[in-house]
Each structure stands twice: as C-alpha cells, then as structure tokens.
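J.:
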Amino acid sequence: MLRGISLPLCAAALGLAVVAAPLGGRAQADDVTLEVWSHEADQPAKVAFRELAARNVEKAHPGVKVKITWYEKNPMLAALKSALPAGKGPDAFYLEPGFVEYITAGYVIPLDDLIDWNNIEPWARKVWIHGGKTYGVPQEAYTNEIYYDKDALKKLGIELPASGQFTQAQFLDVVKKTKAAGMTPIAQGVGDRPFPGAYVVGEALLRKLGPDDYLRLFTGKLSFADPRVAEVLKWTKEVVDAGAYPKNFMTLKLGESHYYFYLKPGALMLPMGSWYTGRAFVPEDKGGQPANFPLGVMQFPAMDGGACNECKTSAVGASFVINAATKHKDLAAAFLNAMSTPEMGKMWIETIYLQTGIKADVKNFSGPHAAYFTELMERQKGAKYFIGAPQDLTTGECKDAFAQVLNSGFPGGLLSVDQAVQMMNKSCYKG
Amino acid sequence: MAVITVERLSKRYEGGSAPAVKEVSFTVADREFMVLLGPSGCGKSTVLRMIAGLEPITAGTVSIDGRVVNDVPAKARDIAMVFQSYALYPHMSVHDNLAFGLRRRGVDKAEIDRRVRAAAAKLGLSEFLQRKPHALSGGQRQRVALGRAIVRDPKVFLFDEPLSNLDAALRVSTRNELIKQQREIGTTSIYVTHDQVEAMTMGDRICIMNLGEVVQIGRPLEVYRNPANTFVARFLGNPPMNLLKARLEARDGRTVATVAGVAVELPARMTAALASQSDRAVIAGLRPEDIYEVPPSGTSATRLPVRVVAVEPLGAETLLALTLEGSGEELVARIGRDTALRSGDRAEVALDGAQVHLFDPATTRAIV
Amino acid sequence: MQPRLAPLRRVPLAAFALFYTIVSGGPFLWVAVMSLRTTAEIFKNPYGPPSPAHWEKFTDAWDKSNYHTYFWNSVVVVTIAVVLVTVIGAMAAHCLARYRFRGSRLVRFLILSGLVLPPQLLILALFQILLDIHLYNTLTGLIVVYVATHIAMTVYILEGFFAQIPQDLFDAAKMDGYSDLEIFWRITMPVGAPAIFTTVTLNFIILWNEFLFAVVLLTDDDKRTLPLGIMHFMGSHQLDVGMVATGLMIAIVPVLLIYGFFSETMIKGMTAGAVR
Amino acid sequence: MSGLSRRLRGILGNAAATDARAASLGLLLMFLAPALLFYAGFAVYPVLRTFYNSFHAIRPQGVVEFVGIGNFRSILFADPTFWKAVGNTALFTVIATLVDVFGGLLLALCLFARAPSAGLLRVIWFTPVLMSYVVVGVIWVWIYDYDWGLANAILHWIGLGAYEQSWLGHPSTALWSVMGAHIWKWLGFNMIVFLAALYALPGEVLGAAELDNCGWVAKLFYIIIPMLRATIVNLLVLSFIGKMMVFDLVWIMTGGGPLWSTETVSTYVYKRAFDWNTFDLGYPSAIAVLWFVIILAFIAIMTRLLRQRDRLEF
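Protein chains in written order, with the numbering used here: chain E, 125 to 555; chain H, 4 to 371; chain W, 89 to 364; chain A, 115 to 428.
Structure follows, in structure tokens:
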C-alpha cells in the first residue's frame, strides 16, 4: 500500500517544497541588509561611486550590509512598478525627477528631515520638491549639449563661432554640407528611449519661446498651433528633410547612437545630455569612445527672434529616493547621505566628468578628460537654465504622444508639420 | 479446489431499460470445466465479470465454496482470469508478467521464480522469458496469458473468449493445449465463448445463455441431442437445425407429424407422451445430418419430395440446399460426398422419425 | 500511393526545396557563425567566416555575462514545471479516461476549456495574485503559473491516449491485486509512456521558450530565465552583438540537441494538439 | 444533495466496490484535486479577477474603484490607439494566417511530391518552430538591421540597393516585416500537420484520380484540398487564435512602434498595464476581456460557418 500512496505524496511534497523554499530562504537574525536598486549598471564610474558609498556606510555601521542590485533602466522600472504596490521592493532606489507618479502614489517618503541638505545645491533640490516636501536626493545633473567631431567639422571647412552657437540658418547649412560630404550629420536613434529624437526640436522650442511659454506648451496651456511653435517645427522639418538623421533612426538604440557617432560609421554631431560621457569614457575595448577622439561641445542653435537664445535645458538625472515601505529608514538615509558628501561630489566630477547636484568644490581638473570638462564648463558661461525636460513635464497620453510624435515620428520624417501639431494638440493641449 | 455457485444473479446497468442479466443460477462443481455459451450481448461476459468481482452485482449471489463473495474485492477472491485481449502488461517482460500476480501476494521470491519457470516450461515459453509481449506471436501471448493464470494456482480460472483473437489453425491447437492443461491442473474453470465448437469440445458442461437468461445447462452432447428450445437447437450445430412447420395428427391411433403434407412416423416414446395432443401446430426440428439421400438400412424412413437449390461439395461431405415441394420451406441437408444430385434436380430425401425434434411454436420450448 | 512527378518538373521542385531550406536554415547558420566571432569582427564584416573561432566566447558568456544563472534558472523552472504538470496532468487524465462518475463531463469541460484561454487574459490578474501570495518575482511563482497554464493541454493529449488502453489490462491488474493508485502508477504511466514522452517534449519546448509570463512575473537579474537574459542583453546600452549571438546559441543548443535525438517525437509533440 | 448521498453510498456500500470503472469520491479527489487546485487557483481565478478588474479602476496603494462599463466605453469610443491596435492585429491575423496555412500546405505538397531528401528537409524546415520568440525576434531584428542586416545586404547583392531601407523603422514596412518573421517561425508547423494529413489520405483515391486522367493541379484542387478540408479548417482556427493574441515577437522586435504602426492589442494591454506609469490594471484588463470576447465570437462564427458547409456537402 505504501508504494501506492508514495506517488501523490511525493508530488505533493515536491510541490510544497517548491512553494516553501523561497519563503524560508531569507531569514537572518542580527545582520541587516540594506537593499538598493540602481540603474546605470553599464557605467563603471558610477558603479564605483555608489559602491564606494555603500562600503563607507558599512564601515560606519558594523553589521550592516548594503547590497546594490544593478539594473538596466526599463527592467528596473518594471520591477519597481510591481514591487512597490505590494509594499515590497528595495529600501532605497534610483529614480529620476520625471517619475512624479511614485510621489503621488505615496511610494516614496519625504526626506526633508533625513538628509543633510547643506551638501546639496538648492536648485537641484528644488526639482524634487512637491507640495513643500523634498522626495529625492539629486545626484546627477546634466545639460543638453550637442557633441561634435572637431576634425570632421574642420574638414568640412566650417568654423564654430566663438559663442559655440550657430544660428538656425547656419545650422541647417552645416547639416546640408555634412550630408553632401557623405557623412551623417546627426547621430541619433529612438530605438529604446522616448526622448533623444526630440533634442533638436525641444531645445529650439525652448530658445524660441523662452522658459515660461515652453513650460506652458508642455503642460497643456499653450497650443502647438502657436505661430512660433509652427516656425520652429518648420525649421526642424527642413533639418530633417535635409537628411540630418541616420536611416535607421527609428530602430537605433541609445548606446548604438553613441557608437555610431564616434566610431562607425561616424557622424558629425550627437545631441545628448551631458551624461553622455558616463558611457563614452569607458575603455575603448569595452565599446567606449576612442582615446584620441576629437570631442567638441557646441550649443544648440539660436533661433531667429528667439525669446531666450541663451537658455538651455538643465535637468537633474540620477537621484535616490527611499521606499515608503522600508523598515530601515535611517539606514537608507545614511546611504543617501554617504553619497552626497563634498568628497563624493568631488569624486563624481573627477571620475565621471559630469555635473552634479552635490555641492563640490573642484577648481583644478586633472586626469585624461580634463580638457573636455573645461570645455563643458565653458559652454555653461552665461547660460540661463531651464530645469526639466519635456519627457518629465508631460504625463499619460501627452507623454505617449511626445514619445511617438516629437521624439520619433516627426524627426523620423514620417509626419508633416501640420500632422505633428494636430497630434500633439489632441493629446496635450487643454486650452 | 472450489465449487462456484451462482444464484439468481442479476445485473441492471444504470439507464438501461432491460436487465443485462436475469436471475442466472448454476453451480460449477469442483474441477469442473463449465462453458458459458451464447451469442454476443447475451450477458455471459457480464456473468463472468460479476464472478470475477469486476462488475457490481445488482441482485443475487456469487459463492465460492459456499461462502458468498459479493463483497469480496476481485483481488481477494483467489480467482485468475484470462482475457480476450490477453491484457499482458506491455511494459514488462514475460517473466515479470508471469511473476507479477505472485509478487503482489507476497509470495517468496525463490518460490515465484520456481513457479514461473515451471509454468513457462509447461507452456513452452522458457526461451521467451526475457521478451516483451510485443515481441511475441499471438499464440505465444495467449500462452503467457494462460501462464499468468496458472502460476497463481488459484481456486478458479475464468476465461473470457481467450481464443477469439487467434487464427483458425492456432485456435484448434491452443484449444487442445488448454484442455490438456486444465485437465492436468484440475482447477475449477468457467469459460466464456460464442463459439459452439469450443463449447462442445472443451466443456464438461455447457451453460447456454440468451438475452441475459440461462436457457439450458447440460453435458455437450446431451444439449446437442436434446435442445431445450429452438434457440439452442439452432445455436448448436453447423449448419443449424432445420425448423419446419408441422402438425400433429392422430392417424391409426398413433400420433404422427405431417411436414409439407407428408406424415412422419414418430418414435414410440414420443407418441406415448403426445397422445393427448394431436391436431395442433408444432415445429419439427431436423438436423442436416439426419437427412439422407439413401436411408441407412434398418431404419423406418419417411421420404420427402424436394427440389435441389444448390449443391455445396465440402470434400468430406456435401451440403444440399433444398426446398420442400409441398410447402416451399427451405432446409439444408448434409450428405455423403458421392452424391449425384445437381442443382435444379427434383428428388426425394429420407428422414428417420426417431431423429425429429418437436417444439411448441408459441413458447419455442421442446415438446416431450 | 504517392504521387510522382515527371523528371522535368522535379528541377523546379528541387530548386524551391533548396530555396526554402536556405530561408529556414540560413538565419540560424548566420547566428551560429556570429556566436563564434567578436562584435568587432562582426561589424567589420557581418557575413565573414568564424576564423579564428572564438570558442572562449561561450565560456565568457557562461561565466561573465551571467548566462549560467539564466541557464540554470531555466533548467530548474522548466524541469520542475514539466515534472509537476506531467504527474498532475496524468493523474487527472487517468481519472477522466478510466472512471465513470457523475460530473466527469463537467470536469473535463472545465479543464479542457483552458485550451482557449489566452495568456493575456490571465497575466494581469496573475501578477496581482502572485503579489498577494508573495510569489511574485520568485521562480516558484513562475513554476506554479506554468503548471496551471499547461494542465489543459497535457490532460487533453494524455486522456486521448489513456482512453485507448484496453479495459482488460486494468481488470487484469485489479485481479492481480493492484490498488487504484498502483494501477495508475504501474499500468497507466508505463503503458502510456509514449504519450507521456510526447507531452514532456511539448511542454519542455514551450516552457523553455516562454517569454510573456516570465517577463511580467520575474524582475530580479538573478532570477531571469534564458529568454529574459537574452532580452536583457539586447536592451543594454552597448549592444554586444557577438555576445548576444553566443547567448542565443546557449538557448538554442539544448533544444537542438534533443531535437537531433528525438526529432520525430518532438515533431509529434509539437503538432499533437493540432492533429485530431 | 441526492448526488452526494448516492456518492457516499458508493463509498460505503458494496455495489461500487467491485466495479472496475467506478471510484469512490476520495479516490477521484485524489486524482483530480492537484490538477483542479492548480487550475482553479492560477487559471480560473485569474480569469475571474480579470473580469472583475475590467469593471474597476485600480489606483495606487490598492485603491479599487468601481467604474461600471466606464473602461469599456472609453476603449470603444475614446481610444484611437486601441482601434489602431485592432486594425493592426486584424491585418496581421488575416494575412499571416492565410500565408501560414497555405504556405504550409505548399511546403507539405513539395515534400509529398518527393522532393529530393524529403526526410531531411522535413526536419530542417521544422526547426524554426522550436525556437523561442526571443530567439526568432533577435535574429530577425538583425536581419532587418539597416546597416548590416541580411535583408539589405541581399538587396544590395542582387542590385536592388535602391530598395534598402530601415525595415522596422518605417510605419509602412514595420508590420509586414514583423509578420514575415512570424510566418517564418510557424510555416514549418503547418507543413508538418499537412504532411501527416496527406500521408493519411487513402491512396486508392489518389490512384483513382490518376486513372481519371487528373493532372497534378487538378488533383490538388479537386481531390487533395477538398479531402484536407478538416485539417485546413483546424489549422486556420488554430493559427487565427494564435495571431489574434500576438505579443512576444512584436514586443521584442518593435515594441509597437514606430508611430503605433505595429501596436497590437496585446502589446497595448501590456503597455497600459506596465509601461504607462499609471499603476492602473483595470483599463488594460478591460481591453483583455473585450478582446477575449471578440476572439471567442470569431471562433464560434468560424466553426459555425465551416461546419455548416460540411453538412451541405455530405
């Protein structure tokens, strides 16, 4: 009889064992593990930066282990979206200011009393203030720039004005000349991101409209049918029709567009946030930019009759927040603080070559990319910043329309100006 | 050593209008070989399965050695069964097939092996012990199925048409083999078949069933000679018994049967019993072999005028399809191989009144 | 009787056969070659031969690119799920094929209706349910979902086969003293082995390749199954084409190996649901 | 109740104890319970919950709000993306199903007509069926790659360089390109099924047709296809269902872009559920429910229509 019963028993036992195993695996008595999820797994300098902060926390708090799980952005967001509603997820995690829904949903907690805000630039903190409370610790700051190949520009016989900024007509001319020389003018692709395709048109709109109307445009208060918007779109359309973007614009991924720009097949320009270097400055055999690449930085072109041609987008990128469901609030705050000391700010700039929201006093740049960073700082002189990017300003249907129309369909040459205006207005304009 | 008694055994399937088995009763004596014979659907297999414990019993009892076993599960009745499809375990070797029933019963390992080898030797399977059933011929499989029953050394053997999947030649030899084995072992056996030859040759007794009921039980020749009704009369024998319309008439103070206008003399034992029943319709049964072209000497032959419809020479004998001149009824005769009759001939055939069977047209039962 | 063609017409037939062989096999061959070349080599000439052949890419992918984790996760999930769904499905199929009982038609209908349930209808709710019972983002949760969603097909195939096993065999077993459970374990399972094997191969292939449930129900890198692992590499910033190709081969090779040995069974398994 | 009591009598009483095909409730449960538990818990319950979800808006922190048919009304009357997805899915389903089934028949006939080394070809042609959507998707993304993909390379080699393009990057080609990859994966499947059906055809009939002086084409249209009707119908329905739910390959190859040109109902459901940052599962559930109902209706209509004709024919 025993033999007969053993089968279903086995099956049941197996099933139970399977069900039970993951539940029982994680028990620890005294040791506390702080779970952190972070994007930017493929940027070694940032990995080193955050891991160092983690080790520092561990040193200061014996018995504590800080475990950072490194993700790609989309999988991480997917994981967060499912874990947080269940009251699960990491104690602290990477987030960008655009993801307001995490705040409105109450998934992250106010940090006003937990963080040493003296270490943080006020303009960066402001991005994370909603309803009088601060929800995130800004870490990365960036500006939108056009990177370009200095040698190639020279070869075309074109000189960049001292201001670093072409006029809109000059820019169109540069595009045409580059194309005529058989080179792709602008390396850009929207295969895996909802924003790079809109760099040119977005920055142009900002300069033409000025910060206030620009904000109104992307918050549904200004129509895309506004004549100034139409003018910008018309100019952009000319740039697009001149063959500015690669043929595989639609499917080219962000990383591939970098590679496209500096290596194969090569392009004159790459409009990108200044976080570009986070990935470009890795060793060449890891896919990074060649050591001798003549990297230059230029401003987005000035618009005719632009309300604010000295304007540029600055945004806070990588930031960290604390899960409302955490059981280790103070430890998580300690980790966030450990990443925000002036020393860490200095390390950020010196190893990542990127702006930061951490107050850092860096006067003398050294290292292999010092020249680049000096040039980047040069381009910030006299600039008037608009904080926030369209993909962060828009929500829901309008966000989807932005990604599909201004980011991809329009620069991809699939839509006329009228169509773009109509589609954007339908999804965004509430006036 | 066992006696099986079946008493008023009935089976009614859920949703079925008529019972599949109606109050069947019989007793199988110790060491007896009982054959359940009947056309398909007559309920004989159901009776067998109820005895085996594979089918719930609606009413009545099955007893083994006087003990009612209705509530005893199949495995505890100490019965072995040989199935029509043999039901060999296809994933086990011959050896394991034979050994399995014993292992289940906790028989000692050495003893199992001894018994398996003995049975295999007896059935000529020794060299196939390691083969799987699919690598055996039909006859070999049949023997394995038999062997599986034998090794168990049960109180009772049940056979459910075990030969019907074999071809004709093999069937005859296997039949003989089976009889030999059963006689040697002497286990009480019940054997279900629809084949009258098997029934006649194998059974100590035959139990004939029709429409869920027992029609007649008796020794084979007894049943053959004295069929209890027209069903048995036609079911046993090949070609079947000829059934002709007849009348009983009183003639010269004796009762005769007139068939197609011809008076047939009946034997004395009959006339005595029928004395009071003259002038009524009956059915006269006449086996084909009791019709002669030339009557054997020393018998009182009656002659019937007939027309020959067809002649079927079978070699050893010849079958004649005939129509009676008087009534147009058809009948079949089995005569010697040297007949000169041809299709279309008119002739007279002879019959012996002593061989005539009489049945009641209303009840189909035998008269006398 | 098989149709024969005149020799003249055989030429276009052979040409077409060759053409489709290239179409169906070519892409695979291309990836196989790429799996032995570095990304740099591939970008230099996407269609070059694998010389030198970088076999070390497989060990690299295995060790450094986490493919061993993905591979073993797939092995664990698929093996346990296939074993469970086979045993559980076989028990149900045996019961439906063997016993007469009130409501058996209802039970059969209920289970077999799972054949037409689209995964899209389940996935959102499964996500919520696994969160509720804390099986979200666990291999256990994925296994449970795999078992539940593949029972219908398993029962469907097995019941059809089990029903053909002659009743005599079960009667014989009963007289030999088998209990009902033993009859299942000792008769139905071994005798039904061909059908079991068919469902095992079918379920193995389907689950080894499964993407939708996995992508929704798993998030951690160290819990990814192979298809998710490959997608992860496709999504990463610096697209390492050579390494992805190696990963593809790691995912394909087990299937191809089994296919090489059991191509007939696998073909039968994959088409089992369609041939009625 | 009477059923239960009868069943209980069955367990306790002697009647059932000896019936080879009867079983006690306990025994039945032992055999069926595991399957039913798994099935009920992780297939039936999710379906019910999806239906429940579809009538609710699910907000962050577990707030569930009843909205009646609000979701359905929005989907049907105020969601152009949904209708775009429906159009794409319908096109995909019809074209890919037809090509799959009749292409598969063509391949099967090819082997049936004794193409050289048919046995080997059969195995090779079936191989794509075994590959996962991820593998197929990645391979075909590369084939369609603008810079180094096989598609453009071949065009270039045969002198049609002018037609080189970003296959997955343009709305006019993206859906067709994905369809091509999908068909590539499934052709072999249909072929195998047809081949089995072809070999099961009674040889006498084909022989008789030959005696009736039927050419190959005539034989195909007058004998083979009519006799394969049941198989064709089966495969059409099967393929149809599969394509109505197409997700994996589209998601892997294009994610629904560019400009919603490859958005299918399934990818839209996924997007609304997990990519839209709304945390609302109610609306996408409503789409899934709506689509399921439509699929069921189509299956019912298809089988009804095709069965009707059967009755007329025989």
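Beta carbons: idealized from backbone N, C-alpha and C, even for Gly. Note that the coordinates shown come from a computational prediction; the quantities given were computed from them, not determined experimentally.
Unbroken beta strand (DSSP E) runs of length 3 or more, entirely within the stretch 251-308 of chain A: which are they?
T.: Segments of the beta strand (DSSP E) lying fully in the stretch 251-308 of chain A: there are none.
J.: Could you pull out every unbroken beta strand (DSSP E) segment of at least 3 residues lying fully inside the stretch 414-454 of chain E, listed in chain order?
T.: 419-422, 435-440 and 443-446
J.: Ends of the beta strand (DSSP E) at H/ILE1?
T.: For chain H, the structure presents residues 4 to 371; residue 1 of chain H sits outside this window and is missing.
J.: Within 8 Å (strictly less), CB to CB, does A/GLY370 reach chain W?
T.: no
J.: In chain order, what residues of the stretch 162-178 of chain W put their CB closer than 9 Å to some CB of chain A?
T.: Going along the stretch 162-178 of chain W in chain order, one finds LEU172, VAL173, VAL175, ILE176 and GLY177 with a Cβ nearer than 9 Å to chain A.
J.: Should W/ILE355 go down as buried or exposed, given a rule of 16 or more other Cβ atoms within 10 Å for buried?
T.: buried
J.: Against chain W, with Cβ distances strictly below 8 Å, would E/THR401 count as a contact?
T.: no
J.: Taking 8 Å as the cut-off, does the stretch 249-257 of chain W touch the stretch 207-224 of chain A (at least 3 CB pairs, one atom from each stretch)?
T.: no
J.: Once the 5 residues before and after A/ALA311 are set aside, which same chain residues still bring their CB inside 7 Å of it?
T.: Only LEU342 and THR345 meet the Cβ criterion.
J.: Considering only the beta carbon of each residue, do H/VAL311 and H/ARG345 sit closer than 8 Å?
T.: yes
J.: A/GLY294 CB to nearest chain E CB: under 8 Å?
T.: no
J.: From W/TYR234 to A/PHE361, what does the alpha carbon distance come to, in whole angstroms?
T.: 18 Å
J.: Please classify E/ALA484: is it buried, with 16 or more other beta-carbons within 10 angstroms of its beta-carbon, or exposed?
T.: buried
J.: Considering just the uninterrupted stretch of the alpha helix (DSSP H) at W/LYS132, what are its terminal residues?
T.: 127-132
J.: Cα-Cα, which of A/LEU373, A/LEU212 and A/HIS270 is closest to A/ILE297?
T.: A/LEU212
J.: Would W/THR307 count as contacting chain E if we go by Cβ distances under 8 Å?
T.: yes
J.: Note the first and the last residue of the continuous alpha helix (DSSP H) segment covering H/ARG163.
T.: Note that residue 163 of chain H corresponds to Asp in the displayed sequence, not to Arg. No alpha helix (DSSP H) holds H/ASP163; the beta strand (DSSP E) holding it covers 159-163.
J.: Go to H/PHE238, then tell me how far its beta strand (DSSP E) extends in each direction, as first and last residue.
T.: Looking at the DSSP string, H/PHE238 is not in any beta strand (DSSP E); the run it does join, the alpha helix (DSSP H), is 233-238.
J.: Taking C-beta pairs closer than 9 Å, name the residues in chain A that E/LYS371 reaches, listed in chain order.
T.: Here the neighbours are TYR260, ASP261, GLU278, GLN279, SER280 and GLY283.
J.: For H/GLN219, does the three-state DSSP call read helix, strand or coil?
T.: DSSP, read as helix, strand or coil, puts H/GLN219 in strand.
J.: What in chain W is Cβ-close to H/LEU57, meaning under 7 Å?
T.: ASP259 and LYS262
J.: Taking the DSSP output, what are the residues bridged to H/GLY339?
T.: H/GLU320
J.: Using a Cβ-Cβ distance under 8 Å, would H/PHE103 count as near chain W?
T.: yes
J.: How many angstroms separate the CA atom of W/LEU198 from the CA atom of A/VAL181?
T.: 30 Å
J.: Please report the residue range of the beta strand (DSSP E) in which E/ASP273 lies.
T.: 265-273
J.: Ordered along the chain, which non-local residues of its own chain (more than five positions away) have a Cβ less than 6 Å from that of H/PRO291?
T.: PRO242, VAL335, ALA336 and ARG337
J.: Quick one, which of E/PRO335, E/PHE295 and E/GLY321 has its alpha-carbon nearest E/GLY512's?
T.: The shortest Cα separation from E/GLY512 among E/PRO335, E/PHE295 and E/GLY321 belongs to E/PRO335.
J.: Just the chain A side, please: which residues come within less than 9 Å of W/ASN154 by C-beta, in chain order?
T.: Near W/ASN154 there are no residues of chain A at all, since even the closest Cβ is about 16 Å away, more than 9 Å.
J.: With a cut-off of 8 Å, does the C-beta of E/ALA203 fall near any C-beta of chain W?
T.: yes
J.: Can you grab the Cα-Cα spacing for the pair E/PHE526 / E/GLY260, in whole Å?
T.: Looking at the backbone, the Cα of E/PHE526 and that of E/GLY260 are separated by about 25 Å.
J.: Could you name the residues of chain A that E/SER398 contacts, counting a contact when the two beta carbons are closer than 9 Å?
T.: Simply none; closest approach about 25 Å.
J.: Mind checking if A/PHE191 is an interface residue toward chain E, Cβ cutoff 8 Å exclusive?
T.: no
J.: By alpha-carbon positions, which one of E/ARG352, E/SER347 and E/ASN268 ends up nearest to E/GLU434?
T.: E/ASN268
J.: When burial is assigned at 16 or more other CB atoms within 10 Å of the CB, is E/MET501 buried or exposed?
T.: So E/MET501 counts as exposed.
J.: Between A/ILE429 and chain W, is any beta-carbon pair separated by less than 8 Å?
T.: Because chain A is modelled from 115 through 428, residue 429 of chain A falls outside the range shown and cannot be assessed.
J.: In chain order, what residues of the same chain have a beta carbon less than 7 Å from the beta carbon of E/ASN251, not counting five sequence neighbours either side?
T.: Here residue 251 of chain E turns out to be Val, not Asn, going by the sequence shown. Taking C-beta separations shorter than 7 Å and ignoring five residues to either side along the sequence, the partners of E/VAL251 in its chain run PRO221, PRO262, VAL440 and ILE511, following chain order.
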